[in-house]
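Asker: Please find one structure pasted underneath; my questions will follow.
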Amino acid sequence: MKNTFILTVLFITSSAYAKFEYRPDWNVHKACGKDSKQKKDYCLELIEIGSSNQNAKPILLIPGFFQNAYIWDLLPEKGISAARYLSKRWNLRPFVLHVRGIGNSDYVSNTNMDDIAMDDIEIAVNFLKKKSSDQVYIMGHSQGSITTQAYLAGLSKCIVADCFNPAEAWSRQKKIKAVALLAGNTAMSVDRDDNKLDELANMALFIRPAFRFFDEIDVKTLTRFTGPVSNLNLWQWLYNRHNTTKEARKALYTKTVDSTTNGILFQFAEGVRDRAIKTRSKLSYPAVLPLIRIPVFQQLYADDPLAESEATLKDNFHRIGSSNKEYEVIQDRGHEDFFMNKGLHSDLDNVLHFLIKN
């Protein structure tokens, strides 16, 4: 509890921002649109990684909570790059979406996951549709998986408040060929007694008043404090240490960590408390999963406390309405192991085989 409190204080006090730097061989695209809530124009980055085949099918990669494109391209000089694996092994054209506030994408104030689902993913999909006459693949990890599900279920700005619009859901799904959900439990449910999510959520909600002056939270600065302890048990909820190297762990904390928002942080905390991520208008994300009817593959990781496999199957996967859906539970894996070990990129093979065949 003491360690959790210290880290929470560091979240609050983080304030130093550094310009995001790209790898030299990344191809950076800009896609723009209008925020549904604030009616404000803004632009997002899509980072194209690894593909020289302009005719390859595009796949939209959406990172998780506070992470940027480096998570998909961690240490390519060491062969550790999930994005380049998709390109070389599966002849796909990967584009990593930097949602609002990540990398050099425009920051929009008072943001939570609803806004990413309503606007950011739609902007990215429409951009990729212009590059290909075919439908788009989506692969979302963690928060990226959760927001993808809300996007597909038609989360929209309606007359009075946000709503899940079945007509909008169908309109969006017509653009998508198939979807891969890597972790991402919209119910945020916990079954195991040793899971610390409830404790973390309660701590966050307890100190919530201290966050009222902070809209954007710079997690990059937090890592400057936590870097020396990144190998300790405090951080092992992200990975199984024996599946990673010291170099990969260092890259995870020095390269992939970016920022988040007050709105997203407490939407997650409330989601754990309520056993459902909810919109601002208090509509449940898991309750509308039956609206998703396109091909879906959800991959889960046996040692992942952020999306427990049995709880996610029960409370998320089995609610998805598609008649063409599959799941897989990978043993001896944490939340991000496949990103951090070139020998584990092949964990994605069953997912990709499913996407390609559809």
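Residue numbers (the numbering used here): 545 to 902.
Ideal Cβ placement from N, Cα and C applies to all residues, glycine included.
Starting from R637, trace the alpha helix (DSSP H) in both directions and tell me its first and last residue.
Answerer: Mapped onto the sequence shown, residue 637 falls at position 93. Careful: R637 lies outside any alpha helix (DSSP H), inside the beta strand (DSSP E) at 636–642.
Asker: Terminal residues of the continuous beta strand (DSSP E) containing D585?
Answerer: Position 41 of the sequence shown, counted from the first residue, corresponds to residue 585. Where D585 is concerned, the enclosing beta strand (DSSP E) stretches over 585–592.
Asker: Output yes if chain B places a C-beta closer than 9 Å to the C-beta of P602; else output no.
Answerer: Structure shown: chain B not included; a single protein chain is present.
Asker: Starting from Q811, trace the alpha helix (DSSP H) in both directions and tell me its first and last residue.
Answerer: Position 267 of the sequence shown holds residue 811. First-last of the alpha helix (DSSP H) with Q811: 806–818.
Asker: Go ahead and pull the three-state DSSP assignment for K719.
Answerer: As a working mapping, residue 719 is identified with position 175 in the sequence shown. K719: coil per DSSP, three-state reduction.
Asker: Could you tell me which residues DSSP pairs with H573 in its beta bridges?
Answerer: Counting from 1 along the sequence shown, the entry for residue 573 is found at position 29. Answer is L590, bridged to H573.
Asker: Hey, how far is the Cα of N571 from the Cα of G688?
Answerer: Numbered from 1 along the sequence shown, position 27 holds the residue referred to as residue 571. Numbered from 1 along the sequence shown, position 144 holds the residue referred to as residue 688. Each residue's alpha carbon lies about 21 Å from the other.
Asker: How would you label R756, buried or exposed, when you count the other beta carbons within 10 angstroms and need 16 or more for buried?
Answerer: Position 212 of the sequence shown holds residue 756. Exposed, because fewer than 16 other Cβ atoms sit within 10 Å of the Cβ of R756.
Asker: For Y695, which residues of its own chain have a beta-carbon under 6 Å away from its beta-carbon, when the five flanking residues on both sides are left out?
Answerer: The sequence position of residue 695 within the sequence shown is 151, counting from 1. These residues qualify, in order along the chain: A661, I665.
Asker: Using CA coordinates, which residue listed in S580, N612, I690, V734 is at the minimum distance from E506?
Answerer: Residue 506 is absent from the structure shown; the chain starts at 545 and stops at 902.
Asker: Would I606 and M683 be called neighbours here (beta carbons separated by less than 9 Å)?
Answerer: Along the sequence shown, one-based indexing puts residue 606 at 62. Along the sequence shown, one-based indexing puts residue 683 at 139. For I606 and M683, yes; Cβs fall inside 9 Å.
Asker: Looking at K721 and N902, is the spacing between their C-beta atoms short of 9 Å?
Answerer: By one-based count along the sequence shown, residue 902 stands at place 358. By one-based count along the sequence shown, residue 721 stands at place 177. In contact: N902 and K721 (Cβ atoms closer than 9 Å).
Asker: My assumption, with CB atoms under 8 Å, is that L726 sits in contact with Q843. Please give the rounded CB distance.
Answerer: Position 182 of the sequence shown holds residue 726. Position 299 of the sequence shown holds residue 843. About 5 Å separates the two Cβ atoms, so the contact holds.
Asker: What is the rounded straight-line gap between the Cα of N654 and the Cα of G807?
Answerer: The residue given as residue 654 occupies position 110 in the sequence shown. The residue given as residue 807 occupies position 263 in the sequence shown. Taking the straight line joining both Cα atoms gives about 7 Å.
Asker: On the three-pair Cβ rule with 8 Å, is the region 866–877 touching the region 829–847?
Answerer: Taking 8 Å as the limit for Cβ pairs, the verdict is that the region 829–847 does touch the region 866–877.
Asker: Since I667 contacts A575 with CB under 8 Å, what's their CB separation in whole angstroms?
Answerer: Residue numbering aside, residue 667 sits at position 123 when the sequence shown is read from its first letter. Residue numbering aside, residue 575 sits at position 31 when the sequence shown is read from its first letter. Yes, they are in contact, since the Cβ atoms of I667 and A575 sit about 5 Å apart, within 8 Å.
Asker: How many Å lie between S828 and F882 at the Cα?
Answerer: Locating residue 828 in the sequence shown gives position 284, where the first residue counts as 1. Locating residue 882 in the sequence shown gives position 338, where the first residue counts as 1. Each residue's alpha carbon lies about 30 Å from the other.
Asker: Just to confirm the assignment, what range does the alpha helix (DSSP H) spanning Q687 have?
Answerer: Residue mapping note: residue 687 aligns to position 143 of the sequence shown, counting from 1. Where Q687 is concerned, the enclosing alpha helix (DSSP H) stretches over 687–696.
Asker: Can you grab the Cα-Cα spacing for the pair M884 / R633, in whole Å?
Answerer: For the purposes of this step, residue 884 is taken as residue 340 along the sequence shown, with counting starting at 1. For the purposes of this step, residue 633 is taken as residue 89 along the sequence shown, with counting starting at 1. Roughly 17 Å between the two C-alpha positions.
Asker: How many angstroms separate the CA atom of F564 from the CA atom of S676?
Answerer: Taking the first residue of the sequence shown as 1, we reach residue 564 at position 20. Taking the first residue of the sequence shown as 1, we reach residue 676 at position 132. Roughly 28 Å between the two C-alpha positions.
Asker: Are D847 and D893 closer than 9 Å when you measure CB to CB?
Answerer: For the purposes of this step, residue 847 is taken as the residue at position 303 of the sequence shown. For the purposes of this step, residue 893 is taken as the residue at position 349 of the sequence shown. No; because the gap between Cβ atoms is not below 9 Å, this pair is not in contact.
Asker: Is E852 helix, strand or coil when you go by DSSP?
Answerer: Along the sequence shown, one-based indexing puts residue 852 at 308. Three-state DSSP puts E852 in coil, outside helix and strand.
Asker: Report, in whole angstroms, the separation of the C-beta atoms of L741 and P849, which I expect to be a contact under 8 Å.
Answerer: Here residue 741 refers to the residue found at position 197 when the sequence shown is read from its first residue. Here residue 849 refers to the residue found at position 305 when the sequence shown is read from its first residue. That pair is a contact at about 6 Å.
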